[in-house]
Amino acid sequence: MNKLMKNMKSELLSFWQRGESQKLAAATFSVARKIQPCIIFIDEIDSFLRARSSSDHEATAMMKAQFMSLWDGLATDNECVCIVMGATNRPHDLDPAILRRILYYVGFR
């Protein structure tokens, strides 16, 4: 692979504050499909894909649901050569639905 999409964390969080994070997520996955093979890398993935709770804002829940749906779309497309990678210091904070989508884990101590 020779393409790496830039870290989405800060952009998603700033767009979320303006109510546009779903557009950015959709655009990111759309571009990834067009430039494949590529890697979508999300640093501090736990910052916006942490475990859901009843106190989550509706926009946060919608963003997480859309992100997971877009990720599933990559995973089920046999011709798509895109990888979603994330880094975190807090893997225990990730949403269980995100953990189910992660095929490989690399831990460091």
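Quick note on numbering: our numbering labels position 13 of the sequence shown as 102, and the sequence is numbered without any gaps. No residue lacks a Cβ here, since even glycine has one placed at the ideal position from N, Cα and C. If you're wondering where the values come from, they're calculated on a predicted model, not measured in any experiment.
Quick check: is any heavy atom of the ligand NAP less than 7 Å from the C-beta of Phe137? The ligand NAP is not part of this structure, which contains no ligands at all.
Leaving aside the five residues before and after Ile187 along the sequence, list all residues of the same chain whose C-beta is less than 6 Å from its C-beta, in chain order. The count along the sequence shown starts at 1 and reaches residue 187 at position 98. The answer, listed in chain order, is Leu138.
Beta-carbon proximity list for Leu163, same chain, < 8 Å, skipping 5 on both sides: Indexing the sequence shown from 1 puts residue 163 at position 74. Phe118, Ala121, Arg122, Cys169, Cys171 and Val173.
Here's a check: name, in chain order, each residue in its chain whose Cβ is nearer than 6 Å to the Cβ of Arg204, leaving out the five neighbours to either side. Because the chain spans 90 through 198 in this model, residue 204 falls outside it and cannot be assessed.
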